[in-house]
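Under full-length UniProt numbering, the first residue of the sequence shown is numbered 1, with each subsequent residue one higher. In this text, a Cβ means the ideal position worked out from N, Cα and C, and glycines have one as well. Notes follow once the structure below has been shown.
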Amino acid sequence: MNIYFIGLGALGSLYASKIYDYNPSFVKIITDERRKEKLEKEGFYVNQKSYNFEYILPKDAANVPKADILFVCVKYLQLENSIPLFQDFIGEKTKVISILNGISSEKIIGEKIGMEHMLYAYGVGMDAFREGNKVRFSQEGTLVFGEKTNDEIPASIATFVTLLQKANIQFKIPEDMEHALWKKFILNIAANQISATLRLNYGNIKHNEFAQKLMRMAAAEVIDIANKKEIHFDKADELEHLIDNIQKLADENTTSMCQDILAHRYTEVDMFAGEVIRQGIENNIPTPVNELLYLEIKAIEKTF
1 MNIYFIGLGA LGSLYASKIY DYNPSFVKII TDERRKEKLE KEGFYVNQKS YNFEYILPKD
61 AANVPKADIL FVCVKYLQLE NSIPLFQDFI GEKTKVISIL NGISSEKIIG EKIGMEHMLY
121 AYGVGMDAFR EGNKVRFSQE GTLVFGEKTN DEIPASIATF VTLLQKANIQ FKIPEDMEHA
181 LWKKFILNIA ANQISATLRL NYGNIKHNEF AQKLMRMAAA EVIDIANKKE IHFDKADELE
241 HLIDNIQKLA DENTTSMCQD ILAHRYTEVD MFAGEVIRQG IENNIPTPVN ELLYLEIKAI
301 EKTF
């Protein structure tokens, strides 16, 4: 198989390394000249193991096979500019898995390459952290993906499912992928934004009832929007179990948004609180908590 990745962030590195461990020839990383030179010179490490990935440039698209699966693992701020870089690697049967957080990246990509190529996806339960050319993780978590609805494994991804099994990558294909995507969005809205504004790692969140209350307040607005859109959640139950996923993660690790804030990098707040605010306006649902979080994070970014 030809499994291509664009973006070697924490999550992309996790999946690229697992597939590479199974069969190095399957994995290709799409990058630009500058990053390719840097990666080949300095190397790339996942959990202290060196990975000699094959790096390819957009201009190489005519000389390599089309992707069977293409993972989009860039940051939200890079998404629009990344599409022309990987567009030519997409063939008639290519499926694209965007593992960006949020609920909007599939539509953004699909509008440019065709929604027939898109799978809906997210990762949950992992604690991968990248610093420079080194990535570490203690929890691999689960790749959740599929078509919008999946009564059975779609024939178009059956071979990929077999690969995931052989590469020991935990995965789940929900019957209702749209509902699953919103469930992850609820967690992201709560955990990423509260951890970022308060600069808290997972251990801090586990033992801080005030941070947990803020998380529930932010999440409640998303649940109200989802229910208005007839993507149904039991609000009380969802809020009660909101912290469960955090409890499984290593205390010293942090959310990706908190990592960005601490490193003085611009965040993905526009696809988190920004998207909640847009959806709130469209569905006539008040979103004061997310409006405040949006302003707080934008104010922090102004100091970078």
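Indicate the three-state DSSP secondary structure (helix, strand or coil) for residue i in the structure shown.
{"i": "residue 91", "result": "strand"}
{"i": "residue 305", "result": "Because the chain in this structure spans residues 1 to 304, residue 305 falls outside the shown range and cannot be described."}
Are the beta-carbon atoms of residue i and residue j separated by less than 8 Å?
{"i": "residue 185", "j": "residue 103", "result": "yes"}
{"i": "residue 178", "j": "residue 231", "result": "yes"}
{"i": "residue 99", "j": "residue 8", "result": "no"}
{"i": "residue 144", "j": "residue 225", "result": "no"}
{"i": "residue 3", "j": "residue 30", "result": "no"}
{"i": "residue 261", "j": "residue 196", "result": "yes"}
{"i": "residue 79", "j": "residue 95", "result": "no"}
{"i": "residue 199", "j": "residue 258", "result": "yes"}
{"i": "residue 318", "j": "residue 13", "result": "Within the shown structure, residues of the chain are numbered from 1 to 304, placing residue 318 beyond reach of any answer."}
{"i": "residue 15", "j": "residue 71", "result": "yes"}
{"i": "residue 220", "j": "residue 194", "result": "no"}
{"i": "residue 66", "j": "residue 91", "result": "yes"}
{"i": "residue 187", "j": "residue 239", "result": "no"}
{"i": "residue 228", "j": "residue 173", "result": "no"}
{"i": "residue 17", "j": "residue 51", "result": "yes"}
{"i": "residue 69", "j": "residue 97", "result": "yes"}
{"i": "residue 5", "j": "residue 73", "result": "yes"}
{"i": "residue 22", "j": "residue 167", "result": "yes"}
{"i": "residue 255", "j": "residue 180", "result": "no"}
{"i": "residue 222", "j": "residue 189", "result": "yes"}
{"i": "residue 1", "j": "residue 163", "result": "yes"}
{"i": "residue 264", "j": "residue 304", "result": "yes"}
Across which residues does DSSP place residue i in a beta bridge pair?
{"i": "residue 160", "result": "According to DSSP, which records beta bridges pairwise, residue 160 is partnered with nothing at all."}
{"i": "residue 304", "result": "DSSP lists no partner for residue 304."}
Does the beta carbon of residue i fall short of 7 Å from some heavy atom of the ligand ATP?
{"i": "residue 266", "result": "The ligand ATP is absent from the structure shown, which contains no ligand whatsoever."}
List, from N- to C-terminal side, the alpha helix (DSSP H) runs of 4 residues or more that fit wholly inside the UniProt domain "Ketopantoate reductase N-terminal" (3–148). 10–22, 33–42, 76–86 and 105–113
Residue ranges of each alpha helix (DSSP H) within the UniProt domain "Ketopantoate reductase C-terminal" (176–301), 4 or longer: 177–198, 202–206, 209–228, 235–240, 244–247, 256–262, 273–283 and 288–301
Does the structure place the stretch 129–144 close enough to the stretch 288–302 that three or more beta carbon pairs sit under 8 Å? no
Please determine if the stretch 257–274 and the stretch 151–158 are in contact, where contact requires at least 3 C-beta pairs separated by less than 8 Å. no
Could you tell me whether the stretch 154–164 touches the stretch 203–213, where touching means 3 or more Cβ pairs closer than 8 Å? no
Would the stretch 77–94 count as touching the stretch 19–35 if we require 3 or more Cβ pairs under 8 Å? yes
Can you find at least 3 beta carbon pairs, one from the stretch 277–291 and one from the stretch 249–256, that sit closer than 8 Å? no
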